[in-house]
Amino acid sequence: MGEAKRRGTPQERAEEARAKKEALRPAQLVCGHCKTAFGEFDELDVPGLPGIDAVFGGQCPACGNDVVVFKGAPNAVAEAMIAWQKMLGADAQLGYQSSDGRHVPYEPGAEPGDDAGGAGGAPRGTVH
Ligand SMILES: [Zn+2]
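When you line the sequence shown up against this note's numbering, it's residues 68 to 195, in that order.
Pasting the structure below:
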C-alpha cells in the first residue's frame, strides 16, 4: 500500500548501505596516544553492538598504537567502548570522533555525556 515504493533490488540496498557507511567514515583517525592523524584504516566488522553504526580501526603509523573509532549514538558509543576495553584489556587506547570531527579520547572513569546523573552505571533511557 502507498506509493512510497522502495526502489530496491537487494543489490541496490546493499549499495545504499555501503554508501551510508562510506558517509560515516571519518577522513582520518587520530591516535589518542601521540596525536598523529592518519588516513589508512579499515572498517571493522563488529557485531553485537546495539546503536553502533560503524566501527573503524587502524594502527598508528607513528607509535603502532591501535586506534578504534566508534560511530553511533553517544550512549551506545560509550557502552561500546567499555565493552571493547573489557574485551581487549586495559592496554587499548580508545577514542571516538565527535560529529564535528574532533577526536575525543576515552578515559576510563570519566562519565561521557552532558550531565552525568550519577545513576550508578545504570543506562538511562535514551530519548532522541
Ligand atoms: Zn600514535
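We put the CB at the ideal spot given by N, CA and C, even for glycine.
Being a predicted model, the structure only gives us computed values, none of them experimental.
- For a cut-off of 8 Å, the C-beta gap from residue 137 to residue 122 is around 5 Å, short enough to register as a contact.
- If you compare the alpha carbons of 133, 90, 102 with that of residue 152, the shortest gap goes to 133.
- Ranked by how close their Cα comes to the Cα of residue 145, the residues 124, 119, 127 have 119 in first place.
- Secondary-structure assignment with DSSP links residue 110 through a beta bridge to 123.
- Our two residues, residue 79 and residue 96, have alpha carbons roughly 29 Å apart in a direct line.
- Measuring C-alpha to C-alpha distances from residue 143 to each of 117, 81, 111, 125 identifies 117 as the nearest.
- With respect to the C-alpha of residue 101, the residue from 150, 148, 128, 147 having the closest C-alpha is 128.
- Counting along the chain, no beta strand (DSSP E) covers residue 88; the unbroken alpha helix (DSSP H) around it starts and ends at 77–91.
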